[in-house]
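In terms of my numbering, the sequence shown has 765 at position 585, counting the first letter as 1, and numbering is strictly consecutive.
Below: the structure, in structure tokens.
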Amino acid sequence: MSQRVFPVSANYLRSGMFWNAVASSVLLLTLASGAVAQRPGDGELTQAYKALAAKDYDTAIDLFHKGLTEEPENAGAHKDLAYTLLKTGDNVEARDEFAAAMRLNAADETAALEYAFLCYETKMPVEARRTFDRLRKRGTAATRATAEQAFQNIDGPLAAGITRWQQALAEAPNPLALSTFTAHLELARLAEQRDNLELAASQFEICRQIKPEQAEFLLNLARVWRQLNRVEDARAANLAASRSTDARTAERALDQEPSRYPYPYEFVNAIRLDPRNIALRRELAYLYLAMNRQPDAVAQFQQIIAINPKDPQATAQLAAILGFKNRHEPAPIQNSAAPNNAAVDPKTMGLKSLAAGYVKDAIRYLRQAHEADPDDALVMLKLGWAYNMAKQDSDAIQWFNRARESDDLSIAAEASKAYHNLESGGQPLLTMWALPIYSSRWNDVFTYGQIKRVVPLPWRKANRTFSLYLSMRFIGDVRGGAAEGGGIAPQYLSESSVIVGAGIASRTWHHLTAWAEAGESMNYLPSRTDEGIAIPDYRGGLNFAKGFGHILGANSSGLFYETTGDAVYISRYQKDWLFYTQNRSGRTFHLGERTYAQLLFNVNYTHDSKNQYWANTLEIGPGLRLRLPWMPPNVYFVTDFLRGVYTNNQFNPRHPNYDDIRVGLWYARSK
Numbered sequence: 181m182s183q184r185v186f187p188v189s190a191n192y193l194r195s196g197m198f199w200n201a202v203a204s205s206v207l208l209l210t211l212a213s214g215a216v217a218q219r220p221g222d223g224e225l226t227q228a229y230k231a232l233a234a235k236d237y238d239t240a241i242d243l244f245h246k247g248l249t250e251e252p253e254n255a256g257a258h259k260d261l262a263y264t265l266l267k268t269g270d271n272v273e274a275r276d277e278f279a280a281a282m283r284l285n286a287a288d289e290t291a292a293l294e295y296a297f298l299c300y301e302t303k304m305p306v307e308a309r310r311t312f313d314r315l316r317k318r319g320t321a322a323t324r325a326t327a328e329q330a331f332q333n334i335d336g337p338l339a340a341g342i343t344r345w346q347q348a349l350a351e352a353p354n355p356l357a358l359s360t361f362t363a364h365l366e367l368a369r370l371a372e373q374r375d376n377l378e379l380a381a382s383q384f385e386i387c388r389q390i391k392p393e394q395a396e397f398l399l400n401l402a403r404v405w406r407q408l409n410r411v412e413d414a415r416a417a418n419l420a421a422s423r424s425t426d427a428r429t430a431e432r433a434l435d436q437e438p439s440r441y442p443y444p445y446e447f448v449n450a451i452r453l454d455p456r457n458i459a460l461r462r463e464l465a466y467l468y469l470a471m472n473r474q475p476d477a478v479a480q481f482q483q484i485i486a487i488n489p490k491d492p493q494a495t496a497q498l499a500a501i502l503g504f505k506n507r508h509e510p511a512p513i514q515n516s517a518a519p520n521n522a523a524v525d526p527k528t529m530g531l532k533s534l535a536a537g538y539v540k541d542a543i544r545y546l547r548q549a550h551e552a553d554p555d556d557a558l559v560m561l562k563l564g565w566a567y568n569m570a571k572q573d574s575d576a577i578q579w580f581n582r583a584r585e586s587d588d589l590s591i592a593a594e595a596s597k598a599y600h601n602l603e604s605g606g607q608p609l610l611t612m613w614a615l616p617i618y619s620s621r622w623n624d625v626f627t628y629g630q631i632k633r634v635v636p637l638p639w640r641k642a643n644r645t646f647s648l649y650l651s652m653r654f655i656g657d658v659r660g661g662a663a664e665g666g667g668i669a670p671q672y673l674s675e676s677s678v679i680v681g682a683g684i685a686s687r688t689w690h691h692l693t694a695w696a697e698a699g700e701s702m703n704y705l706p707s708r709t710d711e712g713i714a715i716p717d718y719r720g721g722l723n724f725a726k727g728f729g730h731i732l733g734a735n736s737s738g739l740f741y742e743t744t745g746d747a748v749y750i751s752r753y754q755k756d757w758l759f760y761t762q763n764r765s766g767r768t769f770h771l772g773e774r775t776y777a778q779l780l781f782n783v784n785y786t787h788d789s790k791n792q793y794w795a796n797t798l799e800i801g802p803g804l805r806l807r808l809p810w811m812p813p814n815v816y817f818v819t820d821f822l823r824g825v826y827t828n829n830q831f832n833p834r835h836p837n838y839d840d841i842r843v844g845l846w847y848a849r850s851k
């Protein structure tokens, strides 16, 4: 949209002169009508207009909220609050208040126009276009004219873009070739923004045909099909996405899943849409087993074997099921706690009851199954979910905690996620990382590491906002120091310390985390004389990290980009702030099960607030990251070949440029 056009009334309403006059007039009228009984909320609203007249916008906003709590149907107050929020720059909340005013007073064209403009400004172009389209067909002449121009400013570029991409695809030799992927994707996005949902759906389906490994397109299809009222198709796409191997896609899809467990036919529909989704087939197979539909379960396990012949769970289940079927009579299940009817298996009945939503029965049967086999991790996991559904989270936490120690990685991962969600608002309770690395520049081996234990708060809502933790860091090297020569004292190559402390960290918001620590740094080099053996250590800052594409661990090969940025305050460095960013891009190669490699290029930049030479560098160069099947879990090999330059050479005793080969191992784990 090249230009935003407001009606005269909207410009006037936004002017400070008019708004102060309105606030004063409303206040005088309110005070003069003392004989009229006050409605609930009138007191707060009166005070809100007083604060508004005094230009105390924050107080006015707070009072508006309180008044509207008592009088939520007051369309005028919602609108006045929206304009006040605009004065403080809170466009998103202002948009929502205009929406409330518009809902309560459908004839208020000014509120509708303001809502539409704010939708566009807050990245909701589809809703903006729809609202302008509606307003240009009704209302006063001024409203229709303004809405028409705004609509054309949005719709014109969309229509032109759709025509351009359709023409490009018409001229392509093979419209389904990989080279046409970008054209189909852009056409789908533009069509969805223009409400051409049938075209958008067809293009997203083509994108999936070209790149079936990108599960994100399932979410796109679910969203578009939902708007087309293709409810079953949308449900299937979202269910398939929720069982994707891409963690971010699965998490987004799970947020949109209904609270109930999926029905078997819904799994079948999802598999029809995503036939190579092993997680879907495995879950459906276990559901069939719980329903005593062994032939259907066998068919799903066989399909899993056809997709991945080395799948251990499917192989074991097929061996067990087919082995029992070859006997003349079914083998009775040994269960001392079972009911008098020996044919009833408590585990099967518990899983059935849980799938059907009979929580109390599920808990009773699963407890019997646990007594019969205390090592069955699936029973522990399902008991956790049953207690969670029964709103007995203290019991659920205990069962999830037991199940996350399972040797079955899928059960352990699901239980661990559920445990963290309940215990600490989704945060791992214990994290460990270590990076031993050799540097040719210093001819030394450095080791950096940290163990951090989150201390859960008794208020779970607080756990979802921030966390308190205990920390122990190690920062050291083998040589300890490098002599400058000429009798000058050595320069120490690391902090040579164990740092014990406590800290607070915010929840990650848009990949950004804030943190602060206070502790004691204990020097392990008795020969070090530049500082005490134990000194206070205060540090904190901001961290940003985000990856794009096929990051390490992805189940397919492709391009990737990763960036991290930190602003860190460290008291022992003369109360200095360090700013550094590390950027890597290249290609990931999926070489087999648990085997990955990355060829990449590094661009690293460091700066500090005191402009010290050692903290101002730029490094570039290629690198390699490797994960081989014999390596322990959560470990991979790293090496970089870097060319560095000091960006500040004042007081620099070294050359302005340097070369460095770094070889090391990265280990990280959370539980």
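Ideal Cβ positions, reconstructed from N, Cα and C, are used throughout, including at glycine.
How about A414 and R428: are their beta carbons less than 9 Å apart?
Here residue 414 is taken as the residue at index 234 of the sequence shown, counted from 1. Here residue 428 is taken as the residue at index 248 of the sequence shown, counted from 1. No, the Cβ-Cβ distance between A414 and R428 is not below 9 Å.
Rounded to whole angstroms, what's the CA-CA distance from A477 to E372? Just pull it up for me.
Along the sequence shown, read from residue 1 onward, the residue named residue 477 stands at position 297. Along the sequence shown, read from residue 1 onward, the residue named residue 372 stands at position 192. Going from the Cα of A477 to the Cα of E372 covers about 39 Å.
So, with DSSP's three-state summary, where would you put T264?
Here residue 264 is taken as the residue at index 84 of the sequence shown, counted from 1. The answer is helix: DSSP assigns T264 an H, G or I state.
Inspect the beta-carbon positions of A598 and W565 and report whether they are closer than 9 Å.
Within the sequence shown, residue 598 is the residue found at index 418, counting from 1. Within the sequence shown, residue 565 is the residue found at index 385, counting from 1. In contact: A598 and W565 (Cβ atoms closer than 9 Å).
How is the alpha helix (DSSP H) around F397 delimited, first residue to last?
Here residue 397 corresponds to residue number 217 of the sequence shown, with the count starting at 1. Looking at the DSSP string, the run of the alpha helix (DSSP H) that includes F397 is 396-407.
For M560, which option in M569, F580, G530, I713 has the closest C-alpha, if you only look at C-alpha atoms?
Locating residue 560 in the sequence shown gives position 380, counting from the first residue. Of the listed residues, the one whose Cα sits closest to M560 is F580.
Can you grab the Cα-Cα spacing for the pair Q493 / R544, in whole Å?
In the sequence shown, counting from the first residue as 1, residue 493 sits at position 313. In the sequence shown, counting from the first residue as 1, residue 544 sits at position 364. Taking the straight line joining both Cα atoms gives about 27 Å.
Contacts around D238, its chain only, beta-carbon distance under 8 Å, and the 5 residues preceding and following it disregarded
The residue given as residue 238 occupies position 58 in the sequence shown. Same-chain partners within the cutoff: T268.
Would you call the stretch 359-376 in contact with the stretch 302-310, where contact means no fewer than 3 C-beta pairs closer than 8 Å?
Three or more Cβ pairs closer than 8 Å define a contact, and the stretch 359-376 meets that threshold against the stretch 302-310.
Return helix, strand or coil for A215, following the three-state DSSP convention.
Here the question's residue 215 lines up with position 35 in the sequence shown. Caution is warranted here: a pLDDT of 35 is assigned to A215, below 50, making its placement in the model unreliable, and no coordinate value can be reported.
Evaluate P526 with the Cβ neighbour count: other Cβ atoms within 10 Å of its Cβ, from every protein chain shown; 16 or more gives buried, anything less gives exposed.
As a first step, residue 526 must be located in the sequence shown, where it is residue number 346. The residue is buried, with at least 16 neighbouring Cβ atoms inside 10 Å.
Can you tell which of F769, I655, Y443 has the C-alpha that lies nearest to the C-alpha of L705?
Sequence index remark: in the sequence shown, residue 705 carries index 525 (1-based). Nearest of F769, I655, Y443 to L705, Cα basis: I655.
Could you spell out where the beta strand (DSSP E) holding K246 opens and where it closes?
The residue labelled residue 246 in the question sits at position 66 within the sequence shown. Per DSSP, K246 belongs to no beta strand (DSSP E); it is in the alpha helix (DSSP H), 237-250.
Whose C-beta lies closer than 6 Å to the C-beta of N837 among residues of the same chain, with five residues either side of it excluded?
Along the sequence shown, one-based indexing puts residue 837 at 657. Same-chain partners within the cutoff: V825.
Would you check if the distance between the CB atom of L615 and the CB atom of Y785 is smaller than 9 Å?
Here the question's residue 615 lines up with position 435 in the sequence shown. Here the question's residue 785 lines up with position 605 in the sequence shown. Contact flag unset, no.
For L806, the nearest candidate out of A291, Y793, E366, V843 (CA to CA)
Position 626 of the sequence shown, counted from the start, is the residue given in the question as residue 806. Looking at the Cα atoms, V843 is the closest of the given residues.
DSSP has K726 in a bridge; who is on the other side?
Here residue 726 corresponds to residue number 546 of the sequence shown, with the count starting at 1. K726 pairs with T743.
For W757, the first and last residue of its enclosing alpha helix (DSSP H)
Position 577 of the sequence shown, counting from 1, holds the residue named residue 757. It is not in any alpha helix (DSSP H) - W757 instead sits in the beta strand (DSSP E) that spans 756-772.
Which residues mark the beginning and the end of the alpha helix (DSSP H) in which D476 is found?
Locating residue 476 in the sequence shown gives position 296, where the first residue counts as 1. Taken as a continuous stretch (DSSP letters only), the alpha helix (DSSP H) holding D476 covers 474-487.
Given that a residue counts as buried once 16 or more other Cβ atoms are within 10 Å of its Cβ, and exposed if not, what is I487?
Here residue 487 corresponds to residue number 307 of the sequence shown, with the count starting at 1. By the neighbour-count definition (other C-beta atoms within 10 Å, threshold 16), I487 is an exposed residue.
Quick one: what does DSSP say D839 is sitting in, helix, strand or coil?
On the sequence shown, residue 839 is found 659 positions in, with the first residue counted as 1. Strand, per DSSP.
Nearest neighbour of N828, chosen from Q792, N814, L808, V815 [CA to CA]:
Indexing the sequence shown from 1 puts residue 828 at position 648. Closest by alpha carbon: Q792.
Closest residue to P716 among A698, E385, A321 (Cα-Cα distance):
Translated into positions along the sequence shown, residue 716 becomes position 536. It is A698.
Could you give the first and the last residue of the continuous beta strand (DSSP E) run that contains M702?
For this step, residue 702 is matched to residue 522 along the sequence shown. That run of the beta strand (DSSP E) goes 692-703.
Among P252, N254, L225, which one has its Cα closest to the Cα of D242?
Residue 242 sits at position 62 when you count from the first residue of the sequence shown. The candidate whose alpha carbon is nearest that of D242 is L225.
Grouping DSSP H, G and I as helix and E and B as strand, with all else coil, what is Q548?
Position 368 of the sequence shown holds residue 548. Reduced to three states, the DSSP call for Q548 is helix.
Restricting to Cα atoms, I'd like to know which of L248, S765, S620, M652 is closest to Y628.
Taking the sequence shown and counting its residues from 1, one reaches residue 628 at position 448. Taking only the C-alpha atoms, the option nearest Y628 is M652.
Along the chain, which unbroken stretches of the alpha helix (DSSP H) at least 4 residues long are found entirely within the stretch 279-320?
289-301, 305-315
Run of the beta strand (DSSP E) containing V818, from where it starts to where it stops:
In the sequence shown, residue 818 corresponds to position 638, counting from 1. Per DSSP, the continuous beta strand (DSSP E) segment holding V818 begins and ends at 815-826.
Which residue's Cα is closest to the Cα of G721: E253, A685, Q548, A287?
Taking the sequence shown and counting its residues from 1, one reaches residue 721 at position 541. Nearest C-alpha to G721 among E253, A685, Q548, A287: A685.
Since I386 is in the beta strand (DSSP E), which residue starts that stretch and which ends it?
As a position in the sequence shown, residue 386 is number 206, starting the count at 1. Premise fails: I386 lies in the alpha helix (DSSP H), 377-390, not in any beta strand (DSSP E).
Proximal residues to N568 (C-beta, below 6 Å), its chain only, five neighbours per side dropped
Reading the sequence shown from its first residue, position 388 is the one you call residue 568. Here the set comprises A576.
Suppose the cutoff is 6 Å on Cβ atoms and the five residues either side in sequence are ignored; what does the same chain contact list for A682 look like?
On the sequence shown, residue 682 is found 502 positions in, with the first residue counted as 1. So the list reads L650, once near-sequence residues are dropped.
CA-CA distance, F626 and E585?
Counting from one through the sequence shown, the residue named residue 626 turns up at place 446. Counting from one through the sequence shown, the residue named residue 585 turns up at place 405. Near 33 Å, if we compare the C-alpha coordinates of E585 and F626.
Cutoff 6 Å; reference D454; Cβ partners in own chain excluding five residues on either side:
Within the sequence shown, the letter at position 274 stands for residue 454. The beta carbon of D454 sits closer than 6 Å to those of A420, all from its chain and outside the five residues before and after it, given in chain order.
Which value, in whole angstroms, describes the spacing of the CA atoms of I458 and Q407?
Translated into the one-based positions of the sequence shown, residue 458 becomes position 278. Translated into the one-based positions of the sequence shown, residue 407 becomes position 227. The alpha-carbon atoms of I458 and Q407 are separated by roughly 28 Å.
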